[in-house]
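Okay, so the sequence shown: first residue is 1 according to UniProt numbering, each after it adds one.
Just so it is clear, CB atoms sit at the ideal spot from N, CA and C, and this is done for glycine as well.
Remember, predicted model here, so these are calculated numbers, not experimental data.
As structure tokens, the structure follows; a few thoughts come after it.
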Amino acid sequence: MILKTACHNLIKSTLLCTLKIDFNLNEASLTTHIFMILEIEGLDKTFPQADHDKIEVLKNLNLQVTEGETVAVVGQSGSGKSTLLSLLAGLDRQSSGSLRLRGQEISAMSEAKLTQFRAENIGIIFQQFYLMPHLTALENVSLPLEMFGHKDSQQRAKEALMQVGLAEREKHFPHQLSGGESQRVAIARAIVIRPSILLADEPTGNLDNATGLQVSNLLFDLVQTTGMTLLLVTHNTELAQRCSRQLTLHSGTFQ
């Protein structure tokens, strides 16, 4: 009887210890899963003028974006939205402050390293589409992969076009596509690299209301399905409200 009780207590203790370890591991897993994909601290951007004066476009911006979050930056023309997006995409350099993507300081990278980093981590959707007119939809989508020698570029491009519902239009040239179709090709080109963050500049700005709604529905469905982080800039408050967080940029500062 004493031996039976001792065995029972030993088994109970072992189970409790195992449960405690599992709980602690799960708790640690939940804690470390929250990953800060974008960190901006004290970001400034100024442009020099001929009279030695400077125009301050962005002033002491601070922002943190977690992995999988959707963030909208809203502001009128001239508020600094496009400048901010250019900095986030690594297309321009800040005047001062820190901009880290996936823990890496963008401004510290050489042009060659930044180009490679952008090609692997940042998908960009432009308002003007910027499709190559002499390339088919499939060729436009595969271009970011082919530039860096991906052997499966054609297959991944086909999959991306399928994701945006344009598999049957892969051989069409941009002039044969509608505005909505052109933007969907642009979205496919942005997601084909499987980016860590998707940057969108007025993604529905050149579309009519009905087509714009279709494109925005597609965009948010893709983000939800893939778990990508989305940061878009827009003056469209309805589009911004679809994001989990909205920020207003006014005269170069967040309000």
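Any non-hydrogen atom of the ligand GTP closer than 7 Å to residue i Cβ
| i | result |
| --- | --- |
| I197 | Ligands are entirely absent from the displayed structure, and the ligand GTP is therefore not among its contents. |
Residue i versus residue j: straight-line alpha-carbon distance, rounded
| i | j | result |
| --- | --- | --- |
| S178 | N140 | 15 Å |
| L161 | I191 | 10 Å |
| H235 | R93 | 24 Å |
| D53 | H250 | 21 Å |
| D221 | I122 | 18 Å |
| A210 | S182 | 15 Å |
| L84 | L61 | 10 Å |
| I193 | I124 | 10 Å |
| T66 | K59 | 22 Å |
| V73 | A108 | 25 Å |
| T115 | L145 | 13 Å |
| G80 | H134 | 33 Å |
| S82 | Q155 | 33 Å |
| I106 | S96 | 12 Å |
| Q76 | V233 | 10 Å |
| F117 | S110 | 10 Å |
Local Cβ density within 10 Å of residue i, reported as buried at 16 or more and exposed below that
| i | result |
| --- | --- |
| T18 | Low per-residue confidence applies at T18: pLDDT is 42, beneath 50, and the placement is therefore not dependable, though the value from the model is reported in the following sentence. Per the 10 Å Cβ criterion, exposed. |
| A50 | exposed |
| G78 | exposed |
| Q104 | exposed |
| A157 | buried |
| A112 | exposed |
| Q163 | buried |
| T225 | exposed |
| S216 | buried |
| G252 | buried |
Member of the options whose CA lies at the smallest distance from the CA of residue i
| i | options | result |
| --- | --- | --- |
| G180 | L207, A89 and L199 | L207 |
| residue 280 | Q214, P203, Q127 and F148 | Since the first residue shown for the chain is 1 and the last is 255, residue 280 is missing from the structure and cannot be characterised. |
| F35 | K151, Q128, I197 and E159 | I197 |
| L230 | P133, D201 and Q116 | D201 |
| P38 | L219, L199 and A137 | Per the sequence shown, the amino acid found at residue 38 is Leu instead of Pro. When each option's Cα is compared against that of L38, the closest is L199. |
| L212 | G227, Q224, E238 and P195 | The amino acid at residue 212 is misidentified as Leu; the sequence shows Gly. Of the candidates G227, Q224, E238 and P195, the one whose C-alpha sits nearest the C-alpha of G212 is E238. |
| R169 | A188, L143 and L138 | L138 |
| V223 | V233, P195 and Q241 | P195 |
| G68 | G80, C243, R118 and K113 | C243 |
| A119 | S142, L135 and H134 | S142 |
| I187 | Q246, S110 and L219 | L219 |
| T136 | K171, S110 and Q255 | K171 |
| I40 | E56, V71 and L88 | L88 |
| F126 | S110, R189 and A167 | R189 |
Where residue i falls: helix, strand or coil (DSSP)
| i | result |
| --- | --- |
| L249 | strand |
| G165 | coil |
| Q255 | coil |
| A89 | coil |
| F104 | Here residue 104 is Gln; the residue named in the question, Phe, does not match the sequence. Residue state, collapsed to three classes: strand. |
| D51 | coil |
| D221 | helix |
| K113 | helix |
| K151 | coil |
| E159 | helix |
| T226 | helix |
| residue 272 | A question about residue 272 goes unanswered here, because the residues of the chain that appear run from 1 up to 255. |
| T204 | coil |
| S98 | strand |
| N121 | helix |
| Q214 | helix |
Is the number of C-beta pairs between the stretch 37-50 and the stretch 87-101 that are closer than 8 Å three or more? Using a Cβ-Cβ distance cut-off of 8 Å, the stretch 37-50 and the stretch 87-101 are in contact, since at least three pairs of beta carbons, one from each stretch, lie closer than that value.
request  = Spell out a yes or no on whether the stretch 162-178 and the stretch 98-107 are touching, meaning 3 or more CB-CB pairs, one atom from each, closer than 8 Å.
outcome  = No, the stretch 162-178 is not in contact with the stretch 98-107.
Any contact of the stretch 127-134 with the stretch 144-160, i.e. 3+ C-beta pairs under 8 Å? The stretch 127-134 and the stretch 144-160 do not touch, with fewer than 3 CB-CB distances between them shorter than 8 Å.
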